[in-house]
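One structure is given here, and the rest of the page talks about it.
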Amino acid sequence: MLRIAKLPIAVFALFILVFPWTARQIPAIEHYPDIMVFAGIYCLITIGLSLLMGYAGQISIGHAAFFGIGAYISGILTTNYGMNPWACMGIGMAVTAVVAALVGTPSLKLKGHYLAMATLAFGIIIFIIFNEETQWTGGPDGMPGIPGLSLFGFEFDSVERYYYLVWGFVIAAFIFTVNVIQSGTGRALRAIHASELAAGAMGVDVSQFKILVFVYSAVLASLAGSFYAHYLNFVNPATFDLFFSIKLLIMIALGGMHNIWGAIVGTGLITFLSNEWLQYFEEFEVIVYGAILLFVTVLLPEGLAGVPGIVKGWFRR
Amino acid sequence: MEKITLASQLLQYLITGLTVGSVYAMVAVGFNIIYNVTEIINFAQGEFVMLGGLIMVFLHVAMGLPLILAFPATIILVTLVGIFLDRLAIRPIRRPSVLTLIIATIAVSILIKGTASLIWGKDPFDLPAFSGRNPITFLGAVVQPQYFWVIGFLIITAIALSIFFDRTILGKAMSACADNPNAASLVGINVKQMIMLSFALSAAIGAVAGITITPISLMEYDRGAMLAVKGFAAAILGGLGSFPGAILGGLIMGSIESFGAGLVSSGYKDAFALIVLLVILFFKPSGLMGSIEISRIKRF
Amino acid sequence: MSGGMAENVLELQGVVMTFGGLMALSDLNFKVRRGMIKAIIGPNGAGKTTLFNVITGSLPPTQGTVTFNGRPIQHLKAHKIADRGISRTFQTVELFGNMTVLENVMLGCYTRIRTSFMASGFVLPQSRRKEKRISETALKILKFIGLSHKFKDPADSLPLGEQKLLEIGRALASEPELICLDEPAAGLNETETHVASSLIKAINAKGITVLLVEHDMKVVMNISDEILVLNYGRKIAEGPPEEIRNSPRVIEAYLGGET
């Protein structure tokens, strides 16, 4: 049975709980919770993507599109129509689900390179739409003035409050996904990854499953996008480009594609790299990412999650 | 009066389309060379074009080397990058799965892009046109002579490749590898070398495309990705693995884009090729020259 | 679960399968009686695996009908046919290498017990109970096929003989009425073949109808109630083993037929 232990999750939740307080005590990392908000937002995307790629064995190089759809729907509906942000989040997720189903159904019939290219093309088309439909999206200059989030009068207007909000959702999504992986449904997904032929012969509706997981990962990305929009109070198309989709890939590859913890670890590392450690070396960012991805692909195919196994292998000799 | 203007306008679009399409055709041919021998789709294909343009700028403009020397020198340098890609990213992978190889070529493409941004920065660069910029009037359309250079080089490349694959031992060895790598290695063909050669060849062709198109559309560090996607669209349109298909596909793709940009919307210019790609993938993945590729898709 | 007590579990009528210009199966008619072990034999390329693929839904036949318990199934996809009660194994073993021996069999239970995505995510009590039933069923099957001691091992760590047994075990988990075994003895040594044959007989003794494709004549003659001989996609003989053994047409097909 694929047992994903509950204890590490509890420990991690505890860590998340006390981190902001700890950071406040140490001036050097005082601003870390802000970075953690972004990490959390990206984790929402990578958790779903990890299920899609690592467990169901599919690929998507266009997930930035779903991230963007959530962000823009939240932005447009709250800014132009004054609608309730939480309702808009739901609407964003619903719209994304429909788009994902529409795109996913023909795409997931494709395999390997063809699926990769189809998702890539889709991602770029959405990106172009964000840039061109200026009357809706504000075009390349972006859409400012997006309101923040509040619940029954409680405003999520500080970094800390937003941190707990986002990470609450992340942990919930993580537990949900872990439950799926450990269930019969998760088994069916892993069966699809191993042999679609045999999975089908054992009663698994392979195409339906693939679409289901694709939609799930898209919906999580949309949710992340909404959180993003309400945090920055601003969105612009550049955030949702091909490079971001590739960055998501790097996060998962680095953490370890076949392990759901890999999504969290990889995303955390890359986010900190991006927002903190490489801050003064911006020109090197792209090369560093390329190098990391290449290194992981060639030398560490199971990502950081595979390191304990490799070390164990050394000791056995 | 208006009829003539519309016709010459359309002719203008067509010539632009064929020119741009020639670049896509060359990228598509590059895809096919590697794909035929390895079944890998090289996501870094577009970077070869980008490097062709920028390295040429460095050698010809910055260093002042004459065109006749800078051209082959650039090709050689980009070819080395192609070999580097094979050695660094493809060969060392121990358990090559489709997913791993896709990600490996993506990794190299962003490595190359990142390096280019470090060396050349983010601004676009220009190259002097090969035979000047005096526009030629051709059946009512006003065309830069460089356009004909691009199309011309596509033709030269196509002829050179067909001679290579049909008449030379090396080329025939590569075709053998493409057909049946096991049998090929049994008769003494070094498959690994053939793979490296396929990357080298694709890089060289990409470089030619980059060098010839830069005087028209400039070149910057991040042009690679879009070129790769559109080139792939062209390859699929023509039927993956087919060289005449790649050329036809490229020219058609370029024309669709040109007419779309001119007649429908220039902002959505890039989207046309992508939409065509999606339509093909969803409805007829075997493309125009329709091959057994469709069963290969399922095989993946 | 039993779809009516029709005498014939499976019936093929006028089944034709063409690929491009090639006719892989032509005008095939035969019946499989409930509770029997029926073997399909024939020289290489006779169309045996194509036949299996048509029956189990991997391929829709160009013409003809396949009826299961009186209802047509030729237009159904593989997973729907599995739901109806037909299970299969593959010529080249298609196990789930990324899972353990136990998990492979547990997946076999999917048609009988499954939970929705949402229910799995929220771990409702019903899904816990279902998982328990699934693992109990799977363990029982592992015991039946003699692999309980390896339940935690990764499926691809097993030797071929045990992999084939595991695949059969997985196919049993869906409680099928008809099980289609594609060359269960291929690649096995004498001991392993003997184990496989005994297993097939034991499965049949439980009331499951068995349809198998096999090259190993000893196995076929030993365990089949009836044999169907295919050559070039056509039925050239059908009957009990003694009849087939002595049939001149069959002997000719095997010895003289293949050019």
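Residue numbers (the numbering used here), protein chains in the order written: chain A, 2 to 318; chain B, 560 to 859; chain C, 3 to 261. From the three backbone atoms N, C-alpha and C, an ideal C-beta is built for every residue, glycine too. Remember, predicted model here, so these are calculated numbers, not experimental data.
What ranges does the alpha helix (DSSP H) occupy inside the segment 131-156 of chain A, keeping only unbroken runs of at least 4 residues that lie completely in it?
135-138
Within 7 Å of chain B by C-beta, residues of the segment 87-119 of chain A in sequence order
P107, L111, K112, G113, H114, Y115, A117, M118, A119
3 or more residues per run - each beta strand (DSSP E) lying fully within the segment 80-117 of chain C
88-90
Per the DSSP calculation, C/A239 is bridged to which residue(s)?
C/V231
Chain-order list of residues whose beta-carbon lies under 6 Å from that of A/Y165 (same chain, five-residue window excluded)
none
State the beta-bridge partners of C/L24 as determined by DSSP.
C/F21
Return the chain-ordered list of same chain residues with a C-beta closer than 7 Å to the C-beta of A/A117, the five sequence neighbours on each side being excluded.
I60, I62
Limits of the unbroken alpha helix (DSSP H) element including A/V181:
160-183
Reference B/A719, options B/K681, B/V579, B/M585, closest by Cα:
B/M585
According to the neighbour-count rule (16 or more other Cβ atoms, all chains shown, within 10 Å of its Cβ), is B/Y594 buried or exposed?
buried
Contact set for C/L183: own chain, Cβ-Cβ below 6 Å, skip 5 residues either direction
T91, L214
Tell me which same chain residues have a C-beta within less than 8 Å of the C-beta of A/A200, skipping the five on either side of it?
A189, A192, I193, V207
Touch check for the segment 221-232 of chain A and the segment 68-77 of chain A: three-plus C-beta pairs under 8 Å?
yes
Where do the N-terminal and C-terminal ends of the beta strand (DSSP E) with C/T69 fall, by residue?
65-70
Run through the DSSP bridge pairs and tell me what B/M778 is partnered with.
B/F684
Using a beta-carbon distance cut-off of less than 8 Å, what residues from the segment 577-597 of chain B approach chain A?
none
How big is the Cα-Cα spacing for C/K82 and C/G59?
8 Å
CB contact below 8 Å: A/R317 versus chain C
no
Can you name, in chain order, every residue of its own chain whose Cβ lies under 6 Å from the Cβ of C/R236, other than the five neighbours on each side?
S28
Pick out whichever of A/T240, A/G307, A/L52 has its Cα sitting closest to the Cα of A/A174.
A/L52
Could you tell me which of A/L15, A/V38, A/L305 sits nearest to A/E161, measuring between CA atoms?
A/V38
Neighbour-count burial assignment, B/L840, 16 or more Cβ in a 10 Å radius:
buried
Should B/Q604 be labelled buried (16 or more other beta-carbon atoms within 10 Å of its own) or exposed?
buried
Report the neighbours of B/F841 on chain A: residues whose CB is nearer than 7 Å to its CB, in chain order.
P107
Decide if the segment 286-304 of chain A is in contact with the segment 672-681 of chain B; the criterion is three or more beta carbon pairs, one per stretch, under 8 Å apart.
yes
Assign A/N180 to buried or exposed, taking buried as 16 or more other Cβ atoms, counted over all protein chains shown, within 10 Å of its Cβ.
buried
Can you tell me which of the three DSSP states B/A700 falls into?
strand
In or out: C/H77 buried (at least 16 other Cβ within 10 Å) or exposed?
exposed
Taking all protein chains shown into account, do 16 or more other C-beta atoms lie within 10 angstroms of the C-beta of B/N591, making it buried, or fewer, making it exposed?
buried
Compare the C-beta of C/E185 with all C-beta atoms of chain D and state if any pair is closer than 8 Å.
Given the protein chain composition of this structure (A, B and C), no chain D is represented.
Between A/Y43 and A/T268, is the Cβ-Cβ spacing less than 8 Å?
yes
Any chain A beta carbon closer than 8 Å to B/K751
no
Completely contained alpha helix (DSSP H) runs for the segment 779-815 of chain B, where each covers 4 or more residues:
783-797
Cβ contact check for the segment 637-644 of chain B and the segment 596-615 of chain B: 3 or more pairs under 8 Å:
yes
Could you have a look at C/L126 and say whether DSSP puts it in helix, strand or coil?
coil
For the segment 126-147 of chain A, enumerate the residues whose C-beta is nearer than 7 Å to any C-beta of chain B, in chain order.
I126, I129, E133
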